[in-house]
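First to last, the protein sequences are chains A and B. Be aware that the first sequence starts at 1, since it is given in UniProt numbering, and climbs by one per residue. Be aware that the second sequence starts at 1, since it is given in UniProt numbering, and climbs by one per residue. Heads up, the beta-carbon is just placed ideally off N, CA and C, and yes, glycines get one too.
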Amino acid sequence: MIVLLGVLVVVLGFATRRNPLLVVGGAGIVTGLLGGLSPQRVLAAFGTGFASSRAVTIFVITLPVIGLLERHGLQEQARRLITRFAGLTAGRFLALYLLLRQIAAAVGLNNVFGHAQTVRPLAAPMAEGAAERRLGPLPEKAREKVRSFAASADNVGLFFGEDVFLAVGSILLITGFVNTTYQTHLEPLDLALWAIPTALCALAIHGWRLLRLDRTLERAVAAGREEAVK
Amino acid sequence: MIKAEWFYWLVGLIFLVMAAQMLRDRTNPKRYGTAAFWGLLGLGFVYGTWVADKSAPAEPLGAAVLAMVCLAGFGFTGRGRGATATPEQRAASATRWGSRLFVPALTIPFVALLCAVGVKRLSVGGEPVLQKGSETILGLGIGSVVALAVGMAMLRERKLSAPMHAGRSMLESMGWAMLLPQLLATLGTIFSVSGVGEQVRRITTAVLPDHSLYLAVAVYCVGMFLFTVIMGNGFAAFPVMTAAVGWPVLVVQEHGSAPAVLAIGMLAGFCGTLVTPMAANYNIVPAALLELKDQYGPIKAQLPTAVALLGCNIVIMALFAF
């Protein structure tokens, strides 16, 4: 029972809004020591955990080139380009992005899109450009909303696309864990097929919400103007 | 063979170069702490190679990780103002270069695609060109290096320090959130070796009434959701909840189809990832990257979708897995 205190540390730290790094570091130390690990083994666990999870931070490799291009006006050009397409609203553009992201992830191309590589330099400015073309300058709140939804399109597309592909981490984790723990034999293909119904639901639900974003923005811009008049 | 480790070293080197730039940045009031944080991160990336293949002790790296936690957690890191281009300069440059600016940016996904579908199959002398199992990471790495070369040649940028400075200001705006995903993966490992999953199993089997199929389905899915919210990662929640409910109750006792139960269970966990600040790389880092005032903006945009999808997962599992 007592090892569950580690979970409690996370929940409490979360609730009292401590710095998440301290919360997670503290919970790791507490859980490890209560679980009977020696201080040395706790340290070693932090070291091996860090070393084996370096892949999640590999996107840093894209920052120099994206930074360079942004200094030379990449975001501005993305905004300009999108305004040439008359029918493309922010919502329609992001729904299209969601679809592309999901298809790419479903065929195993997880790193083809991403927040650092495509959302910040291209997708978010393009969505903003599309919204501005239709509604004029965006109030601060509406701008934040467009950017937040751009980030959400990337996340939803990735999460509910990638499990349709066999060689993705989560499918291999499931088969690896179950096959060794319960001496059974599961094929990755069977698991991937069962990811399809949820993938379709995700596309329908989030796609619909993205399409509705245009109406929300219209209202936000109208409200922003009224406030400015007052 | 091109190995993933080379690109980890390159990322380590990028961190170290940026740390050196931070050390000299007098506009940053906390430049020593900031440089120490990113410098340690850079060293950890390189040293991690030998920890991963077990040829070096993991304890020094663990100590470095805890030092980074303290540096960032107790507020010893900050950011400089950085000399970026003015909006006018950017607009002028955008007019000058036009849509050619997209060429280097699109080089990254294009090369990643090429590596994942084409180069993956190539081999020289019986050895694959790309390290097996790391093709998409390698695609991202190779794509970025190629894109940097293309971009510098196109924009006639001679000094490598220019892209490094530009990338550094993006890194500084992300701050400590960069380290959180790796730290959470570590916490997951510690949880599993300390027996947290076994404890959760005892509690749920004691609480769950016998043969209440739909309740058990809901407990598994909502449990995956909640545990993922706490841990920030469905991978950490999966072994815990599957050992507790998914396998013993849903598969063994209720004869559910194992692939359906487990695949959908994992997706219920992904709904949790959408709504938790602990999943920093998906929710907090993008908020910083997009320069949002509200760091929970992406989470708020995702919350309704996540709740609706959790419901879908419960219904799909209840209808089709039994």
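Residue closest to residue i, alpha-carbon to alpha-carbon, out of the options
i                      : options                                       : result
residue 324 of chain B : A/Leu-109, A/Ser-148 and A/Gly-67             : Nothing can be reported for residue 324 of chain B: it is not among the residues displayed for chain B, which extend from 1 to 322.
B/Asn-281              : A/Leu-98, A/Lys-145 and A/Gly-114             : A/Gly-114
A/Ile-66               : B/Leu-155, B/Ala-72 and B/Leu-130             : B/Leu-155
A/Val-156              : B/Trp-6, B/Met-317, B/Phe-320 and B/Leu-303   : B/Leu-303
B/Gly-193              : A/Pro-20, A/Leu-22 and A/Leu-37               : It should be pointed out that residue 193 of chain B corresponds to Val in this sequence rather than to Gly. Considering only alpha carbons, the answer is A/Leu-37.
A/Val-56               : B/Ala-153, B/Leu-215, B/Tyr-220 and B/Leu-184 : B/Leu-184
A/Gly-47               : B/Ile-190, B/Ser-161, B/Trp-6 and B/Ala-321   : B/Ile-190
B/Val-229              : B/Leu-180, B/Met-152 and B/Phe-270            : B/Phe-270
B/Ser-169              : B/Ala-35, B/Val-217, B/Glu-5 and B/Met-241    : B/Ala-35
A/Arg-120              : A/Val-23, A/Gln-40 and A/Ala-78               : A/Ala-78
B/Leu-290              : A/Gly-91, A/Ala-151 and A/Ala-192             : A/Ala-151
B/Leu-208              : B/Phe-102, B/Leu-250, B/Ser-173 and B/Gly-195 : B/Leu-250
B/Met-317              : B/Pro-286, B/Ala-268, B/Val-275 and B/Thr-204 : B/Ala-268
B/Arg-201              : B/Leu-71, B/Val-124 and B/Val-240             : B/Val-240
A/Val-146              : B/Thr-205, B/Lys-293, B/Ala-162 and B/Met-174 : B/Lys-293
A/Arg-71               : B/Pro-57, B/Ala-52 and B/Leu-101              : B/Leu-101
A/Val-178              : B/Phe-322, B/Pro-259 and B/Met-231            : B/Pro-259
A/Met-126              : A/Phe-159, A/Ala-86 and A/Gly-161             : A/Ala-86
A/Thr-160              : A/Arg-134, A/Thr-175 and A/Val-107            : Sequence inspection shows Phe at residue 160 of chain A; the Thr mentioned does not correspond to that position. It is A/Val-107 whose Cα lies nearest to the Cα of A/Phe-160.
A/Gln-102              : A/Pro-64, A/Ala-131 and A/Asp-163             : A/Asp-163
A/Ala-45               : B/Leu-66, B/Leu-274, B/Gln-89 and B/Gly-42    : B/Leu-66
B/Asn-283              : B/Leu-13, B/Pro-60, B/Ala-91 and B/Leu-180    : B/Leu-180
A/Val-30               : B/Asn-28, B/Ala-72 and B/Leu-187              : B/Leu-187
Counterpart residues of residue i in DSSP-defined beta bridges
i         : result
A/Ile-205 : DSSP lists no partner for A/Ile-205.
B/His-219 : It is Val, not His, that sits at residue 219 of chain B in the sequence shown. Paired residues: none, contrary to the question.
B/Ser-173 : Note: B/Ser-173 sits in no beta bridge, so no partner.
B/Leu-130 : B/Ile-2
A/Val-10  : Note: A/Val-10 sits in no beta bridge, so no partner.
Chain-ordered neighbours of residue i on chain A, where CB pairs are closer than 7 Å
i         : result
B/Trp-38  : Under the 7 Å cutoff, chain A gives no residues; its nearest Cβ is about 10 Å from B/Trp-38.
B/Ala-63  : Leu-43
B/Tyr-282 : Asn-155
B/Ala-162 : Leu-68
B/Val-207 : Those do not exist, as B/Val-207 stays about 14 Å from chain A at its closest Cβ, beyond 7 Å.
Contact list for residue i against chain B, beta-carbon separation under 7 Å
i         : result
A/Val-112 : Pro-109, Ala-112 and Leu-113
A/Val-10  : Ile-230
A/Tyr-182 : Trp-247
A/Ile-205 : Thr-305, Ala-308 and Leu-309
A/Phe-165 : Residues of chain B passing the Cβ test: none, with the nearest at roughly 10 Å.
Chain A residues whose Cβ lies nearer than 8 Å to that of residue i
i         : result
B/Lys-30  : By Cβ distance, chain A contributes nothing, its closest Cβ being about 15 Å from B/Lys-30, past 8 Å.
B/Cys-221 : Residues of chain A passing the Cβ test: none, with the nearest at roughly 11 Å.
B/Gln-21  : Within chain A, no residue comes near B/Gln-21; the closest Cβ sits about 12 Å away, beyond 8 Å.
Residue i: contacting residues in chain B (beta-carbon distance under 9 Å)
i        : result
A/Ile-58 : Ala-4, Phe-7, Tyr-8, Val-11, Ile-137, Leu-140 and Gly-141
Unbroken alpha helix (DSSP H) run spanning residue i, endpoints
i                      : result
A/Arg-101              : 90 to 106
A/Leu-61               : The question names Leu, yet the displayed sequence has Ile at residue 61 of chain A. Careful: A/Ile-61 lies outside any alpha helix (DSSP H) and carries neither H nor E.
A/Lys-145              : 140 to 162
B/Tyr-47               : 31 to 52
B/Trp-9                : 4 to 23
B/Ser-144              : 135 to 154
A/Ala-116              : It is not in any alpha helix (DSSP H) - A/Ala-116 carries neither H nor E in the DSSP assignment.
B/Ile-284              : 284 to 289
A/Pro-121              : Element bounds for A/Pro-121: n/a, residue is neither H nor E.
B/Met-178              : Unbroken run through B/Met-178: none, as it is neither H nor E.
B/Glu-59               : 59 to 73
A/Ile-171              : 169 to 181
B/Asn-313              : 297 to 320
B/Thr-273              : 258 to 273
residue 325 of chain B : Look at the range of chain B in this structure, 1 to 322, and you will see that residue 325 of chain B is not part of it.
A/Ile-82               : 74 to 82
B/Trp-97               : 87 to 97
A/Gly-26               : 20 to 34
B/Met-241              : 234 to 241
A/Arg-41               : 39 to 52
A/Leu-189              : 188 to 193
Chain-ordered neighbours of residue i on chain B, where CB pairs are closer than 8 Å
i         : result
A/Glu-132 : Ordered by position in chain B, no residue passes the 8 Å Cβ test against A/Glu-132, which lies about 14 Å from the chain.
A/Ile-61  : Phe-7, Leu-10, Val-11, Ile-14, Leu-140, Gly-141, Ser-144 and Val-145
A/Ala-124 : Leu-290
Contacts of residue i in chain A (Cβ-Cβ under 9 Å)
i         : result
B/Ile-264 : Trp-194, Ala-195, Pro-197 and Thr-198
B/Phe-238 : Ser-170, Leu-173, Ile-174 and Phe-177
B/Met-1   : Residues of chain A passing the Cβ test: none, with the nearest at roughly 18 Å.
Heavy atom of the ligand PLP within 7 Å of residue i beta-carbon
i       : result
B/Trp-6 : Here there are no bound small molecules, and the ligand PLP is not part of this structure.
Under 7 Å by beta carbon: chain C residues contacting residue i
i         : result
A/His-115 : Absent here is chain C; the protein component of the structure consists of chains A and B.
Interface positions of the stretch 138 to 153 of chain A facing chain B (Cβ-Cβ less than 8 Å), listed along the chain: With the criterion set as a beta carbon lying under 8 Å from some beta carbon of chain B, the members of the stretch 138 to 153 of chain A are Glu-140, Glu-144, Lys-145, Arg-147, Ser-148, Phe-149, Ala-150, Ala-151 and Ser-152, in sequence order.
Contact residues within the stretch 67 to 92 of chain B, judged by C-beta distance below 7 Å to chain A: From the stretch 67 to 92 of chain B, only Val-69, Ala-72, Gly-73, Thr-84, Ala-85, Arg-90 and Ala-91 have a Cβ closer than 7 Å to chain A.
Against chain B: residues of the stretch 211 to 224 of chain A by CB proximity under 8 Å: Those residues of the stretch 211 to 224 of chain A that come within reach of chain B (Cβ to Cβ, closer than 8 Å) do not exist; the list is empty.
Residues from the stretch 35 to 59 of chain A in contact with chain B, defined by Cβ distance under 8 Å: Within the stretch 35 to 59 of chain A, the qualifying residues are Gly-35, Gly-36, Leu-37, Gln-40, Val-42, Leu-43, Ala-44, Ala-45, Phe-46, Gly-47, Thr-48, Gly-49, Phe-50, Ala-51, Ser-52, Ser-53, Arg-54, Ala-55, Val-56, Thr-57, Ile-58 and Phe-59.
Residues of the stretch 288 to 312 of chain B whose Cβ lies closer than 7 Å to any Cβ of chain A, in chain order: Here the close residues are Leu-289, Leu-290, Leu-292, Lys-293, Asp-294, Gly-297, Pro-298, Lys-300, Ala-301, Gln-302, Pro-304, Thr-305, Ala-308, Leu-309 and Cys-312.
Proximal residues, the stretch 85 to 114 of chain A versus chain B, C-beta separation under 9 Å: For the stretch 85 to 114 of chain A, which is checked against every Cβ of chain B, the residues closer than 9 Å are Ala-104, Val-107, Gly-108, Leu-109, Asn-110, Asn-111, Val-112, Phe-113 and Gly-114.
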